[in-house]
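Here is the structure we will look at, set down as structure tokens.
Numbering (my numbering), first residue to last: 136 to 452.
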């Protein structure tokens with residue numbers, strides 16, 4: 136098989152939340168091996184969905200986008216040069232040709248792999264990218280491209296440390312000559328621009344600036360401000376009620392330093408959105424941010440509200 140599938144990635148033998156250390160394996164070991172065939176077929180044959188999910192959670196997993204020393208985005212050592220896209224059947228019920236995705240995906244010159252997910256009800260696509268530094272921007276543009284084709288991509292893939300369970304597909308789509316993806320959305324289409332534009336649609340600019348500063352502070356310090364589940368839930372509700380869909384990015388960014396599960400974060404945020412944030416307000420987010428950051432750090436961010444001074448100058452020191 137072409138050398139692109141010999142790219143090294145991190146492998147977690149004990150699954151997403153288990154121990155067992157981290158190993159280096161090739162993408163071929165995770166995507167093209169028949170080693171997982173029997174256990175995956177057993178999972179697909181299980182009629183009880185809850186049991187299916189339980190069995191799936193016990194599978195090993197890997198990080199398609201690179202090598203890591205831990206389980207968080209900040210632990211990235213080397214990017215693989217690939218972005219992994221999840222397309223779930225439950226999110227694409229209106230797509231009449233969803234079951235034919237592997238056959239149709241050949242029309243996309245940037246997809247190097249497309250195969251069935253563990254439960255056989257979705258697909259994983261692997262896309263080579265031109266510049267790993269633009270991982271998140273490329274992901275957003277890919278989501279827009281797929282949406283234009285009537286397909287919804289799971290948003291958790293924006294996280295470079297996103298883990299995939301091993302799976303098995305006897306007939307995956309493979310294109311070893313796939314062109315590296317090198318497209319980003321125009322500035323006005325990016326979530327950051329929409330957040331700044333919220334001042335014209337009812338969301339004060341100060342709230343967007345504070346959320347951005349606090350998210351960057353969390354990324355810079357690698358500290359968790361989400362606490363336990365009740366606190367995390369209230370924070371997500373506050374973001375959902377304040378920013379709507381645009382708050383999802385903040386939710387992932389501040390959640391990644393706790394007991395982070397991208398899929399669960401997405402699911403919980405969607406629930407918060409569907410219920411209008413359960414009447415939580417931005418004040419709730421600020422309360423927990425201050426509690427997690429400490430008065431001095433929170434006060435510095437709150438007083439300055441100057442991205443360059445707060446974030447970028449500190450990184451250069």
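Idealized CB from N, CA, C, for every residue including glycine.
Asked: Buried versus exposed call for residue 182 [16 or more other C-beta atoms within 10 Å across all chains shown]; Found: exposed
Asked: Terminal residues of the alpha helix (DSSP H) in which residue 194 lies; Found: Residue 194 -> no alpha helix (DSSP H), and no H or E assigned at all.
Asked: Span separating the alpha-carbon of residue 305 from that of residue 259; Found: 14 Å
Asked: Exposed unless 16 or more other CB atoms sit within 10 angstroms - verdict on residue 347; Found: buried
Asked: Rounded separation between residue 271 and residue 295 - CA only; Found: 8 Å
Asked: Simplified DSSP assignment, three categories, for residue 229; Found: coil
Asked: Rounded distance between the beta-carbons of residue 436 and residue 349, thought under 8 Å; Found: 6 Å
Asked: Contact under 8 Å by Cβ, residue 199 with residue 168; Found: no
Asked: Of the listed residues 139, 401 and 405, nearest to residue 261 (C-alpha basis); Found: 139
Asked: Local Cβ density within 10 Å of residue 205, reported as buried at 16 or more and exposed below that; Found: exposed
Asked: Contact check, residue 373 vs residue 415, beta carbons under 8 Å; Found: yes
Asked: 6 Å Cβ shell around residue 160 - same chain, five flanking residues per side excluded; Found: 146
Asked: Residue burial classification, residue 275 (beta-carbon count within 10 angstroms, cutoff 16); Found: buried
Asked: Simplified DSSP assignment, three categories, for residue 391; Found: coil
Asked: Contact under 8 Å by Cβ, residue 288 with residue 221; Found: yes
Asked: Where residue 329 falls: helix, strand or coil (DSSP); Found: Summary for residue 329: the model assigns pLDDT 46, below 50, so the residue's position carries little reliability, and this model does not support an answer.
Asked: Sequence-distant residues of its chain with Cβ nearer than 8 Å to residue 212 (five each side left out); Found: 201, 202, 203 and 204
Asked: Residue 375 and residue 395 closer than 8 Å at C-beta; Found: no
Asked: Classification of residue 173 by the beta-carbon crowding that lies within 10 angstroms, buried from 16 upward; Found: exposed
Asked: Residue 387 beta carbon less than 8 Å from that of residue 400; Found: yes
Asked: Proximity below 8 Å, CB of residue 150 to CB of residue 193; Found: yes
Asked: Extent of the continuous alpha helix (DSSP H) to which residue 237 belongs; Found: 236 to 239
Asked: For residue 297 and residue 256, the rounded distance between their alpha carbons; Found: 19 Å
Asked: Exposure label - residue 341; buried when at least 16 CB within 10 Å; Found: exposed
Asked: Same chain, Cβ closer than 6 Å to residue 332, neighbours up to 5 away in sequence not counted; Found: Its pLDDT being 42, under 50, residue 332 is placed unreliably by the model, and the measurement read from it follows with that caveat. Same-chain partners within the cutoff: there are none.
Asked: Opposing strand residues paired with residue 217 [DSSP bridges]; Found: 263
Asked: Whether residue 277 touches residue 308 by CB criterion (8 Å); Found: no
Asked: Residue 360 - DSSP class collapsed to helix/strand/coil; Found: coil
Asked: Opening and closing residue of the alpha helix (DSSP H) in which residue 175 lies; Found: 172 to 180
Asked: Nearest candidate by alpha-carbon position, reference residue 144, set 196, 345 and 241; Found: 196
Asked: Selection from 392, 407 and 357 that minimises the alpha carbon distance to residue 370; Found: 407
Asked: Beta-carbon proximity of residue 217 to residue 263, cut-off 8 Å; Found: yes
Asked: First through last residue of the beta strand (DSSP E) which encompasses residue 249; Found: 248 to 251
Asked: Minimum C-alpha distance to residue 357 - residue among 229, 207 and 291; Found: 207
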